[in-house]
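Residue numbers (my numbering), protein chains in the order written: chain A, 25 to 585; chain B, 25 to 585. Think of the CB as a built atom: it goes at the ideal place given N, C-alpha and C, for glycine as much as any other residue. This one's a predicted model, so the numbers in the text were calculated from it and none came from an experiment. Inspection log for the structure reproduced underneath, given as structure tokens.
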């Protein structure tokens, strides 16, 4: 069996390795355009920051062997042709024409099975100056080296990062470790569009606390050279003003590399622009498979096509393709958009649908926004973790979860992804037997508490109101009591605007001071005491009582200090 | 509605709080024998170690309010009677007779619903000397204070901990932070009986590396006072010799407090000795509920009764009981025995069935033992994590997972617990969309890799052999080749006994040196290269090739340095 694999970064080599394990007699050739093979592209931001010391670390196996062509041949019996570009697929005759980039020599290679693993390429916005020498993407090893060489010469005081997505925020932290002054320019009203607005706002505030300027709803119009220095950008012109820039990072997303597939007439997804595959990772041609960042995925929850290029997905797809190529029967069931990224001290993670995505799909949702410590609260190692849970009101099924803060968010998101995959309801999640000991979790895990708060809302015990809605009421000059039930000490430290203090322990005795005809919105640090207060008020006959979702911890607007 | 709750530590107050949230008109009284209320018993080892600074930290809400009787009255409108013992339940007249311990005053309190939350008590082995003044359990606040006072006077150089279960190992670390020399005496052949032997052995080795002596299969026979000092133990006599002891901690498990329930004729589980409840947390008397450490649970996987007292379970049960008491309909579905504990630098966690438990239940199992870094291996923060996965050979369903090592085990165990709850198979687990970024996970999460290795075994690509079996072969003098395929550098650092070195990269060229008629057992650091080597050998016609489960990392016997 002759297998030809186009693409040697992640999904391609994974497919090759797995095939060789199942069919040691297979003849496998990998054709890779670049000079590097099987490297950890996701690790590039940490190579730029210096956390990963050497380029070769990204190419090594855990045992320290560099995964180069010699390694693939000796260990896996796989032939690799680096610096070679696949130009065209002749499906009729089952062969691929390629060209050696250095010599220009072209050749045909035949296959029994072909695997397209051509990856993705950063999107370059169509604005002036993007080709200047101090403008980079952060996609390949060469990008990282270019950025590092400028950083090494301390030539980048001001860095503008265009795009506040995953790569943008990861690049931000990498640059910040070198002492750069960083501005993120994001066209949308928020960074990290994978999150709901108020969760993204918390990440923005954290970035700001680290000295990063975050400009949302701002469009980069041109990268300009005003110093007259040789082909280097000095300013980024935006629709909100100009920004000095010694270096610019373009991080406005990636596009699947589909030229080869398109030319061969393979089906391309209409909404994603990526190569269509079935759950066996087979394209519309039964002898051609496609895997990794160039293919579209199915969302397991909605069944919709999506484009979520990730190294974790690429590896799973490579394995599935290999099994099927070797005559087995394996399926890749799709993704949930599970994502995590490190943003300075914050872990930011999500899975499934955000509230806004769920509403756009016309789900009627229950949400709960629950901050709390990620370990037993009396343990010094406990860190705040903010969770937002979204469930389907009709079925009670979990639709999505977001987590942010210094606490261990990825842990809870992985549990949530598993629960969503299984179609679990809020009730199911609330009774999961998650592991508990004070150094690892609170007795009621954060995800379980979030599910319980959502159940309280569903069952009418708690009427929540979002910070956004409260803010709108304030802007509109509505008359309501914004009731802070924290301690006087907490109130003295930081306050929400126009709030009235009655500590929870004093509330029962102060009921007569409160008017029964006014709307009351209660809150505390995390809205647990706020919830207790609302129950006391309701049992005393106050009928219009709501609880601020997530309390002071989740308030995305200005606070009084 | 009058609700009487017997027990004020964890499940009782939780039940009370939840009832008051649902039925603010309820009249709730908590009767608690001890002087403390609603405290975090699980935090006691960390109070002893000094990590938790003050006793009150264990009694505080996350907002810093002490949960005492005044707090329960003012915030929750719940009456608490501390220092009061419930003596008898008069089911006929729905009332409980109690006695105030200090005054001896007895009284009857009537109820509409009664909640028994009497907790558990440490088991005291029937050996001489257990009542001496330097012999403690680690169960209540008073125990912790007693231990701390001896530690504060630096009177405990040698500490013997009898029992190597959860409390025993947590106590070990707490004592070690005070510089004590510690010996654990465990009657069974291993500590932490919730783990398979070879996983527990790794924890024992870690304890030993921290200077702790671990004596398994050793029975404490007597606690002796040889110094003649006032009522203090000086030695622990065991069936393997005597141990000096300035302090002894008894940690041989807890027994449910069922005297009150038994006297009232409530049903008690035959195998567990704990109070029987239905999934509404109701005892055989429809007006009496029971929650927390005094009740037996259902194992979600096997349906068998079990006794797994944990704070996390107590909280969930309290909520369920409260909902049903208030006329709602909520069920507690049971547990999976999910457990985690910190043992110095190791996180030790498990869920579901161990291999030995599964075999005892006559499951035919597939297992995989997979060490690996818990984050992308090139990240400096990556830590080793050893995972063992147990699946049902017939259905492919996940039965249990164990994790140990410095890496983040609890994260993977929580995902596994969720997957087992959902009845997921190895195939399901292998394709979970878990969150991935280099600072948080490898591209293929440790649990996914473990599932894939188990799939390889199931599908015949990998024939594993346990370290135990290899060791038996060695002891029996069997003739086989123990093939180390690591690098010469790795081999020079640490070796397994009687092993032959052929680095993986050199194996294809060295095939002629190996005899085809002998059994070959391959290994590397974690048995990934060992697996590759076995495939190379098999494809070259070697028919009797096995891979050492878990490689050098999981070898529980002596190594050569």
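> Quick check: the stretch 422-436 of chain B against the stretch 362-382 of chain B, are there 3 or more CB pairs under 8 Å?
Replying inline: Flag = yes, the stretch 422-436 of chain B and the stretch 362-382 of chain B touch.
> In its own chain, which residues sit with a C-beta less than 7 Å from the C-beta of residue 382(B), not counting the 5 before and 5 after it?
Replying inline: Taking the first residue of the second chain as position 1, residue 382(B) is located at position 358. Hits under 7 Å: 389, 414, 423 and 424.
> What does residue 112(B) touch in chain A if you count any residue whose Cβ is under 7 Å from its own?
Replying inline: By 1-based counting over the second chain, the position of residue 112(B) is 88. Among the residues of chain A, none has a CB under 7 Å from the CB of residue 112(B); the nearest is roughly 31 Å distant.
> According to DSSP, what are the bridge partners of residue 271(B)?
Replying inline: Taking the first residue of the second chain as 1, we reach residue 271(B) at position 247. Its beta-bridge partners are 183(B).
> Mind listing which residues of the stretch 50-76 of chain B have their C-beta closer than 7 Å to chain A's C-betas, in chain order?
Replying inline: Here the close residues are 64, 66, 67, 70, 75 and 76.
>> I'd like to know whether the C-beta atoms of residue 307(A) and residue 321(A) end up nearer to each other than 8 Å.
In response: Mapped onto the first chain, residue 307(A) falls at position 283. Mapped onto the first chain, residue 321(A) falls at position 297. Taking 8 Å as the Cβ cut-off, residue 307(A) and residue 321(A) do not qualify as a contacting pair.
>> Taking only three categories from DSSP, how would you classify residue 51(A)?
In response: Residue numbering aside, residue 51(A) sits at position 27 when the first chain is read from its first letter. In this structure, residue 51(A) counts as strand in the three-state DSSP scheme.
>> Comparing C-alpha positions only, which one of 62(A), 391(A) and 214(A) sits nearest to residue 573(A)?
In response: Position 549 of the first chain, counted from the first residue, corresponds to residue 573(A). That would be 391(A), whose Cα lies nearest to the Cα of residue 573(A).
>> Measuring alpha carbon to alpha carbon, tell me which residue in 562(A), 224(A) and 142(A) is nearest residue 365(A).
In response: In the first chain, residue 365(A) corresponds to position 341, counting from 1. Measuring from the Cα of residue 365(A), the nearest candidate turns out to be 224(A).
> What are the residues of the stretch 527-538 of chain A that lie near chain B, defined by any Cβ-Cβ distance shorter than 7 Å?
Replying inline: Per Cβ criterion, the list reads 528, 529 and 532.
> With 8 Å set as the bound, which would you pick, yes or no: does the beta-carbon of residue 437(A) sit closer than that to a beta-carbon of chain B?
Replying inline: Here residue 437(A) refers to the residue found at position 413 of the first chain. It does: the Cβ of residue 437(A) has a partner Cβ on chain B nearer than 8 Å.
> Name the chain A residues that come within less than 9 Å of residue 356(B), Cβ to Cβ?
Replying inline: Along the second chain, one-based indexing puts residue 356(B) at 332. Residues of chain A passing the Cβ test: 455.
> Since residue 370(A) sits in a beta bridge, which residues does DSSP pair it with?
Replying inline: Residue 370(A) sits at position 346 when you count from the first residue of the first chain. When DSSP reads this structure, residue 370(A) sits in a beta bridge with 367(A).
>> Distance cutoff 8 Å, beta carbons only. Does residue 335(B) sit that close to anything in chain A?
In response: Sequence index remark: in the second chain, residue 335(B) carries index 311 (1-based). Chain A, which has a Cβ nearer than 8 Å to the Cβ of residue 335(B), makes this yes.
> Thinking C-alpha only, which one of 285(A), 175(A), 443(A) and 436(A) is nearest residue 273(A)?
Replying inline: Sequence index remark: in the first chain, residue 273(A) carries index 249 (1-based). That would be 175(A), whose Cα lies nearest to the Cα of residue 273(A).
>> For a minimum of 3 consecutive residues, which ranges assigned as the beta strand (DSSP E) are wholly contained in the stretch 159-244 of chain B?
In response: Whole beta strand (DSSP E) segments, 3+ residues: 182-186, 205-209 and 237-239.
> Any contact of the stretch 265-283 of chain B with the stretch 128-148 of chain B, i.e. 3+ C-beta pairs under 8 Å?
Replying inline: Verdict: yes, contact present.
>> Would you say residue 320(B) lies against chain A (beta-carbon separation less than 8 Å)?
In response: Here the question's residue 320(B) lines up with position 296 in the second chain. It does not: the Cβ of residue 320(B) has no partner Cβ on chain A nearer than 8 Å.
> According to DSSP, what are the bridge partners of residue 133(A)?
Replying inline: Taking the first residue of the first chain as 1, we reach residue 133(A) at position 109. For residue 133(A), the pairing in a beta bridge is given by DSSP as 120(A).
> Starting from residue 523(B) and walking both ways along the beta strand (DSSP E), at which residues does that stretch end?
Replying inline: Reading the second chain from its first residue, position 499 is the one you call residue 523(B). 523-525 is the span of the beta strand (DSSP E), which, as asked, contains residue 523(B).
>> Using 8 Å as the cut-off, can you tell me whether the stretch 32-45 of chain A makes contact with the stretch 136-143 of chain A, which would need three or more C-beta pairs spanning the two stretches below that distance?
In response: A contact is defined here as three or more CB-CB pairs under 8 Å, and the stretch 32-45 of chain A meets this definition with respect to the stretch 136-143 of chain A.
>> Does the structure place the stretch 286-297 of chain B close enough to the stretch 248-264 of chain B that three or more beta carbon pairs sit under 8 Å?
In response: Short answer: they don't touch.
>> Output needed for residue 511(B): all residues of its chain with C-beta closer than 7 Å, excluding positions within five of it in sequence on either side, in chain order.
In response: Indexing the second chain from 1 puts residue 511(B) at position 487. So the qualifying residues of the chain are 527.
> Taking the C-alpha atoms as reference points, what is the distance between residue 356(B) and residue 316(B)?
Replying inline: Counted from its first residue, the second chain places residue 356(B) at position 332. Counted from its first residue, the second chain places residue 316(B) at position 292. It is roughly 12 Å from the alpha-carbon of residue 356(B) to the alpha-carbon of residue 316(B).
> Smallest Cα separation from residue 25(A): which of 194(A), 349(A) and 58(A)?
Replying inline: Counted from its first residue, the first chain places residue 25(A) at position 1. Among 194(A), 349(A) and 58(A), the Cα nearest to that of residue 25(A) is on 349(A).
> Is residue 446(B) helix, strand or coil when you go by DSSP?
Replying inline: Against the second chain, residue 446(B) aligns to sequence position 422. Coil at residue 446(B), not helix or strand.
> Quick one: is residue 99(A) near chain B, going by C-beta distance under 8 Å?
Replying inline: Stepping through the first chain from its first residue, residue 99(A) is reached at position 75. In terms of beta-carbon proximity, residue 99(A) lines the interface with chain B, with at least one pair separated by less than 8 Å.
> Listing by chain order, which chain B residues have their CB less than 9 Å from the CB of residue 449(A)?
Replying inline: Reading the first chain from its first residue, position 425 is the one you call residue 449(A). Within 9 Å Cβ-Cβ: nothing; residue 449(A) doesn't reach chain B, min ~12 Å.
>> For a contact defined as C-beta to C-beta under 8 Å, what are the partners of residue 548(A) on chain B?
In response: Numbered from its first residue, the first chain carries residue 548(A) at position 524. For residue 548(A), the chain B residues whose C-beta falls within less than 8 Å of its own C-beta are 87, listed in chain order.
> By DSSP, does residue 109(A) sit in helix, in strand, or in coil?
Replying inline: Here residue 109(A) corresponds to residue number 85 of the first chain, with the count starting at 1. It is a strand residue.
>> Measuring only the C-alpha atoms, how far is residue 15(A) from residue 582(A)?
In response: Since the displayed chain A opens at 25 and closes at 585, residue 15(A) lies outside it and no answer follows.
> How far does the alpha helix (DSSP H) with residue 349(B) in it reach, from first residue to last?
Replying inline: Counting from one through the second chain, the residue named residue 349(B) turns up at place 325. Where residue 349(B) is concerned, the enclosing alpha helix (DSSP H) starts and stops at 335-349.
> Where do the N-terminal and C-terminal ends of the alpha helix (DSSP H) with residue 582(A) fall, by residue?
Replying inline: Here residue 582(A) refers to the residue found at position 558 of the first chain. No alpha helix (DSSP H) contains residue 582(A), which DSSP labels as neither H nor E.
> What number of angstroms, rounded off, separates the C-alpha of residue 49(A) from the C-alpha of residue 492(B)?
Replying inline: The residue you call residue 49(A) lines up with position 25 of the first chain. The residue you call residue 492(B) lines up with position 468 of the second chain. Distance from the CA of residue 49(A) to the CA of residue 492(B), rounded to the nearest whole angstrom, comes to 33 Å.
>> For residue 512(B), report the span of its alpha helix (DSSP H) as first-last.
In response: Within the second chain, residue 512(B) is the residue found at index 488, counting from 1. Note, residue 512(B): alpha helix (DSSP H), 512-517.
>> Strictly below 9 Å CB to CB, what residues from chain B border residue 146(A)?
In response: Here the question's residue 146(A) lines up with position 122 in the first chain. Chain B residues near residue 146(A): none, gap ~18 Å exceeds 9 Å.
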